[in-house]
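The numbers in this note's numbering rise by one with no breaks, and the one at position 75 of the sequence shown is 94.
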Amino acid sequence: MESIPVYKWSNLNHNKLSEYGKQWRIQNNISIESGEMFLSMFRKQILNNFGIGDQDIDKWTISFSLPYPEPILLITDKTGNIRYENGSYFEEH
20 MESIPVYKWS
30 NLNHNKLSEY
40 GKQWRIQNNI
50 SIESGEMFLS
60 MFRKQILNNF
70 GIGDQDIDKW
80 TISFSLPYPE
90 PILLITDKTG
100 NIRYENGSYF
110 EEH
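Structural data, given as structure tokens:
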């Protein structure tokens, strides 16, 4: 799979990504270690659902927003571009 440009990705359906986010929140509520293990186990699938191709996975990190109203997954690349679980994004350049 090739990486999808952010302007195209943001207009796609994010149901599967939302499911990963929901499952991560459940695991993270059990314990932070359980949440981190979930992100590690499903890293490739989560990044693919963020529109990141296999060849670009190492350029991105998975983290999450502050918990208001609840935390959401986000990914950041080395230049500061961010994609959020809900389909929104921030481009550094």
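The beta carbon of each residue, even a glycine, is placed where N, CA and C say it ideally should be.
| Query | Result |
| --- | --- |
| Sub-7 Å separation of SER84 and ILE91 beta-carbons | yes |
| Rounded Cβ spacing between ARG102 and PHE61 (contact assumed at less than 8 Å) | Not really, about 16 Å apart at Cβ, beyond 8 Å. |
| DSSP beta-bridge partners of ILE49 | For ILE49, which the question treats as bridged, DSSP gives no partner whatsoever. |
| Pairwise C-alpha distance: ILE23 and ASP77 | 15 Å |
| Residue nearest to ASN100 in terms of C-alpha spacing, selected from PRO88, ASN32 and THR80 | THR80 |
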